[in-house]
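**Student:** Sharing a structure here in structure tokens format.
Protein chains: 2
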Amino acid sequence: MRNFADSLVRRIDELENPTVVGLDTKLDYIPQHIKDYAETLFPEEPTKATAKAIWLFNKEIIDQTCDIVPAVKLQYAYYEMYGYDAIKTMLLTARYAQKKGMLVIGDCKRNDIGSTATAYAEAIIGKTDILLNDTMEMSGLDACTVNCYLGIDGVKPFIDVCKRDGKGIFCLVKTSNPSSGDFQDLELTSGEKLYEAVAAKVSEWGEDLIGEEGFSSVGAVIGATYPEQAVGLRKIMPNAFMLIPGYGAQGAGADEAVASFTAYGKGGIVNASRSIMTAWQARSDYFGPEDFGKAARFEAEDMKAKLNAALHNRKYV
Amino acid sequence: MRNFADSLVRRIDELENPTVVGLDTKLDYIPQHIKDYAETLFPEEPTKATAKAIWLFNKEIIDQTCDIVPAVKLQYAYYEMYGYDAIKTMLLTARYAQKKGMLVIGDCKRNDIGSTATAYAEAIIGKTDILLNDTMEMSGLDACTVNCYLGIDGVKPFIDVCKRDGKGIFCLVKTSNPSSGDFQDLELTSGEKLYEAVAAKVSEWGEDLIGEEGFSSVGAVIGATYPEQAVGLRKIMPNAFMLIPGYGAQGAGADEAVASFTAYGKGGIVNASRSIMTAWQARSDYFGPEDFGKAARFEAEDMKAKLNAALHNRKYV
Chain A
1 MRNFADSLVR RIDELENPTV VGLDTKLDYI PQHIKDYAET LFPEEPTKAT
51 AKAIWLFNKE IIDQTCDIVP AVKLQYAYYE MYGYDAIKTM LLTARYAQKK
101 GMLVIGDCKR NDIGSTATAY AEAIIGKTDI LLNDTMEMSG LDACTVNCYL
151 GIDGVKPFID VCKRDGKGIF CLVKTSNPSS GDFQDLELTS GEKLYEAVAA
201 KVSEWGEDLI GEEGFSSVGA VIGATYPEQA VGLRKIMPNA FMLIPGYGAQ
251 GAGADEAVAS FTAYGKGGIV NASRSIMTAW QARSDYFGPE DFGKAARFEA
301 EDMKAKLNAA LHNRKYV
Chain B
318 MRNFADSLVR RIDELENPTV VGLDTKLDYI PQHIKDYAET LFPEEPTKAT
368 AKAIWLFNKE IIDQTCDIVP AVKLQYAYYE MYGYDAIKTM LLTARYAQKK
418 GMLVIGDCKR NDIGSTATAY AEAIIGKTDI LLNDTMEMSG LDACTVNCYL
468 GIDGVKPFID VCKRDGKGIF CLVKTSNPSS GDFQDLELTS GEKLYEAVAA
518 KVSEWGEDLI GEEGFSSVGA VIGATYPEQA VGLRKIMPNA FMLIPGYGAQ
568 GAGADEAVAS FTAYGKGGIV NASRSIMTAW QARSDYFGPE DFGKAARFEA
618 EDMKAKLNAA LHNRKYV
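Quick mapping for you: the protein sequence lines, in order, are chains A and B.
Each step along the first sequence adds one to the number in the working numbering, with nothing skipped, and position 293 is 293.
Each step along the second sequence adds one to the number in the working numbering, with nothing skipped, and position 62 is 379.
Encoded structure:
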């Protein structure tokens, strides 16, 4: 039986690279020549032109990084913003990345209860016969992010699909944004903070899904921007696999990003979105717009080197 | 300037009916003859046949209830589960309901930060120029549900769109499910429970969006299954408009559903999904499958009568 966490750990080890490329593709990130070309293909259909531009961009980023980066993270919000053709592009991107050997994480932060949570789980990470007269696999991503405010009712349907299909989830525990403390840092009468209480539950929920490599497919999202808290969260969730946003554009460096990794330098994957996608803009002295894919690869190599250096000389323990 | 809460309050008053029909359309709810017909239209394309069946069902429910029910609630999970053609159907359903005079609430429980939250807000309730060479209005629902675990960073982008376009949000405060207490009922050192702390913030966030009718377009989701808590939550959020799930299939009755209404019987809207959509099954002694729309109308009239009776003789105050 496939276990998502095992697949992820092994691919990270193979590539010696605990990073995930975030494809939060905004039109601003796409070079003008790609957008112009897409418009010539669909001059009267802006939603199709938009979706095509995003696809051409995503495909090149995947082609340039699939042999050095283990996973991609798709941010649902942007695809939804650009309309249903873009949603189709997102699913196509997921398929393509999987075909190229990458694991695909849907960053959708979904949450609901009972049969509705099951519908989300099936939509995003499931593979079932849900259409009239069909057995088509719908979305079939490898993992997704989940918001746990509704309690176990909202999480169990996802865990059930994880068990059945060898998929994974990352539960929001301590997010990377400045106001994450508004509720997450509230102090409980138990002596914990709310995010610590959530972490304890996530650890418990994941016990059945710990793979051969020692990590659970029920993982957690821990912002790189809160390294002290991240160190404590590893103690509360010794077996959770951590998805770590906040590196780069949000201000955290490599030292902060690896704070929740185990003492052996395992159990985490660090996301970078904007810095990879817009490397062609940031490094315009080296790369032209037509080399946006190569610039992304260069940036990904740079990030890999920085994370490995930080793992060999830990600042937060 | 349009204010969502004003529009909602006025339409509820006009129809004397504080209910919203939930279109959480599952294939199981749709009569066989509709599904058969959809398959004859798209024999080789199951995603299109599925989407067509859902559309035909939704349209009839709207036609039969638009003159007696002020709003519809679209549950995103099911449309996402059935694929991108179904997502298109969801947007078409939203447009059609609006054309028929109904307000449309997207039950998507979205949550993210910064520009990503803005993307969700624009995708769901916005109307902006975001496509290549186009000024198309994308989704343009009247309101949506939001999960606040990420704090104000995740909510402000939605509030900004509400202010700009006269839209609304409903923040998850105390959800209707059995395990909603896992985190929401945790006791804080401040003496509040977590859901009360969330409620206090929601009330504060909504101050700028209080309309002429005295209610804010920053509303709250309060499960009908927790009536005692609902009474307390009205005190914490005197101006919030409450979206109330849990009536009917989840076990709460009319008395429980109106617990968070003001002393004047205002400021709430009660959702029913399954009981309306499957009225043709539950009342099969009166209605055949071909009369599923009439059965839905009958059930909606029944619910209206029960809620008004409960409002005239309040059990929870």
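Yeah, the Cβ is synthetic: ideal placement off N, Cα and C, and Gly gets one too.
All figures in this text were calculated on a predicted structure; none of them were measured in a lab.
By the 8 Å beta-carbon criterion, what residues does the segment 165-179 of chain A contribute toward chain B?
**Tutor:** Leu172, Thr175, Ser176, Asn177, Pro178 and Ser179
**Student:** Select from Leu150/A, Gly268/A, Glu14/A and Trp55/A the residue whose C-alpha is nearest the C-alpha of Asp67/A.
**Tutor:** Glu14/A
**Student:** Report the rounded CA-to-CA distance for Ile105/A versus Asp572/B, giving the unit in angstroms.
**Tutor:** 43 Å
**Student:** In this structure, does DSSP put Lys294/A in helix, strand or coil?
**Tutor:** helix
**Student:** So within the segment 225-250 of chain A, which uninterrupted alpha helix (DSSP H) runs reach at least 4 residues, ignoring any that extend past its ends?
**Tutor:** 227-236
**Student:** By the 10 Å Cβ neighbour count, where 16 or more other Cβ atoms means buried, how is Leu41/A classified, buried or exposed?
**Tutor:** Using a 10 angstroms sphere on the CB of Leu41/A, the tally of other CB atoms stays under 16, which defines it as exposed.
**Student:** Using the beta-carbon of each residue, which ones in chain A are nearer than 9 Å to Phe500/B?
**Tutor:** Within 9 Å Cβ-Cβ: Cys148, Tyr149, Leu150, Gly151, Leu194, Ala197, Val198 and Lys201.
**Student:** Pick helix, strand or coil for Thr135/A, following the three-state DSSP scheme.
**Tutor:** The predicted model places Thr135/A with a pLDDT of 40, which falls under 50 and marks its position as unreliable, so this point remains unresolved.
**Student:** Return the residue from the list Gly605/B, Lys376/B and Glu618/B that minimises the CA-CA distance to Trp597/B.
**Tutor:** Gly605/B
**Student:** Please determine if the segment 379-393 of chain B and the segment 429-436 of chain B are in contact, where contact requires at least 3 C-beta pairs separated by less than 8 Å.
**Tutor:** As far as the Cβ criterion goes, the segment 379-393 of chain B does not touch the segment 429-436 of chain B, which means the pair count is below three.
**Student:** The alpha helix (DSSP H) with Thr50/A in it runs from where to where?
**Tutor:** Pro46 to Thr65
**Student:** Any idea if Thr189/A is buried or exposed, counting beta-carbon neighbours within 10 angstroms, 16 or more meaning buried?
**Tutor:** Here Thr189/A is exposed, its C-beta having fewer than 16 other C-beta atoms within 10 Å.
**Student:** To the nearest angstrom, how far is it from the Cα of Lys294/A to the Cα of Ile561/B?
**Tutor:** 51 Å
**Student:** Please classify Gln349/B: is it buried, with 16 or more other beta-carbons within 10 angstroms of its beta-carbon, or exposed?
**Tutor:** With fewer than 16 Cβ atoms within 10 Å of its Cβ, Gln349/B is classed as exposed.
**Student:** How about Val69/A and Lys304/A: do their beta carbons lie closer than 9 Å?
**Tutor:** yes
**Student:** Which residue marks the beginning of the beta strand (DSSP E) containing Lys174/A, and which one marks its end?
**Tutor:** Gly168 to Lys174
**Student:** For Val146/A, write down the residues that DSSP places opposite it in a beta bridge.
**Tutor:** Arg110/A and Cys171/A
**Student:** Assign Ser324/B to one of three DSSP states: helix, strand, or coil.
**Tutor:** helix
**Student:** Could you say if the segment 574-594 of chain B and the segment 549-560 of chain B meet the contact criterion of at least three C-beta pairs nearer than 8 Å?
**Tutor:** yes
**Student:** In angstroms with no decimal places, state the Cα-to-Cα distance between Thr278/A and Thr89/A.
**Tutor:** Answer to the nearest angstrom: the Cα atoms are 20 Å apart.
**Student:** Whole angstroms is fine: what's the gap from Thr225/A's alpha carbon to Thr175/A's?
**Tutor:** 8 Å
**Student:** If you follow the alpha helix (DSSP H) that Gly471/B is part of, which residue opens it and which one closes it?
**Tutor:** Looking at the DSSP string, the run of the alpha helix (DSSP H) that includes Gly471/B is Ile469 to Asp482.
**Student:** What is the rounded straight-line gap between the Cα of Phe500/B and the Cα of Lys510/B?
**Tutor:** 9 Å
**Student:** How is the beta strand (DSSP E) around Thr336/B delimited, first residue to last?
**Tutor:** Thr336 to Leu340
**Student:** Does the beta carbon of Asp142/A come closer than 9 Å to any beta carbon on chain B?
**Tutor:** Not closer than 9 Å to any Cβ of chain B, the Cβ of Asp142/A fails to qualify, so no.
**Student:** Flag Met554/B as yes if its beta-carbon sits less than 9 Å from any beta-carbon of chain A, otherwise no.
**Tutor:** Not an interface residue.
**Student:** Starting from the N-terminal side, write out each stretch of the alpha helix (DSSP H) that is 4 residues or longer and does not extend beyond the segment 272-316 of chain A.
**Tutor:** 274-277, 279-282 and 292-312
**Student:** Does Asn428/B get closer than 9 Å to chain A when you measure Cβ to Cβ?
**Tutor:** yes
**Student:** State the Cα-Cα distance for the pair Thr364/B and Ile371/B, rounded to the nearest angstrom.
**Tutor:** If you draw a straight line from the Cα of Thr364/B to the Cα of Ile371/B, it is about 11 Å long.
**Student:** Please list the residues of the segment 77-96 of chain A that have a C-beta atom closer than 7 Å to any C-beta atom in chain B, keeping them in chain order.
**Tutor:** Taking 7 Å as the Cβ-Cβ cut-off against chain B, the residues of the segment 77-96 of chain A that qualify are Ala77, Tyr78, Glu80, Met81, Tyr82, Gly83, Tyr84, Ile87 and Lys88.
**Student:** With distances taken Cα to Cα, identify the nearest neighbour of Ala123/A among Val231/A, Asn3/A and Cys162/A.
**Tutor:** Of Val231/A, Asn3/A and Cys162/A, the residue nearest in Cα terms is Cys162/A.
**Student:** Strictly below 9 Å CB to CB, what residues from chain A border Glu504/B?
**Tutor:** Leu188, Thr189 and Ser190
**Student:** Let me know if Lys35/A comes out buried or exposed under the rule of 16 or more other beta-carbons within 10 Å of its beta-carbon.
**Tutor:** buried
**Student:** Could you check whether Lys518/B and Ile476/B sit closer than 9 Å to each other, using their CB atoms as the reference points?
**Tutor:** No, they are not a contact pair.
**Student:** Keeping to the same chain, check which residues put their C-beta closer than 7 Å to that of Tyr96/A; ignore five residues upstream and five downstream.
**Tutor:** Lys59 and Ile62
**Student:** Can you look up Gly418/B in the DSSP assignment and give me helix, strand or coil?
**Tutor:** Reduced to three states, the DSSP call for Gly418/B is coil.
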